[in-house]
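Have a look at the structure below before the remarks.
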Amino acid sequence: MKPHWLVHPESHAAGLLEDTRQAKRLIGMNGKEMIRSHLSFCAWSNHASALALLREALRSSADRGFDEMFVAVSPQEANSLVADLGVAGVTLAPATIYGYGLDAGMDWSVNTSEI
Numbered sequence: 050m051k052p053h054w055l056v057h058p059e060s061h062a063a064g065l066l067e068d069t070r071q072a073k074r075l076i077g078m079n080g081k082e083m084i085r086s087h088l089s090f091c092a093w094s095n096h097a098s099a100l101a102l103l104r105e106a107l108r109s110s111a112d113r114g115f116d117e118m119f120v121a122v123s124p125q126e127a128n129s130l131v132a133d134l135g136v137a138g139v140t141l142a143p144a145t146i147y148g149y150g151l152d153a154g155m156d157w158s159v160n161t162s163e164i
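Quick note: the sequence shown uses the numbering used here, first residue 50, plus one each step.
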């Protein structure tokens, strides 16, 4: 799959849908490759636009043959997005990312395809 930009109709959210295999190979504990898409470069202005972007990304991902998708969201948003998304089988996989020289309290984002 070629990278595919998704943009909210009113420009309240955007993200890049990518094939994980273009950046790395993920091998599960069972030894099989995990075929996933990534929604990276995500940004949204509010909860409703985040949900709209995630729903469109899941639909677009499925249309391209991917049953599962990775996306990074802040810990503050994760539980409410998962609850309101209403999709079964969501796995929260928390990670801690360290940075140096960043202003304290500054929000910053990480693309899961880069981890």
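Yeah, the Cβ is synthetic: ideal placement off N, Cα and C, and Gly gets one too. Just so it is clear, the structure is predicted and the values come from calculations on it, not from any experiment.
| query | result |
| --- | --- |
| Collapsed DSSP secondary structure at D116 in the structure displayed | coil |
| For V131, the three-state DSSP class (helix, strand or coil) | helix |
| Whole-angstrom distance between P58 and P143, CA atom to CA atom | 30 Å |
| Span of the beta strand (DSSP E), counted from its first residue to its last, around S86 | S86 to W93 |
| Residues that D68 bridges to, as DSSP identifies them | S86 |
| Straight-line gap, H53 to F90 (C-alpha atoms, nearest Å) | 11 Å |
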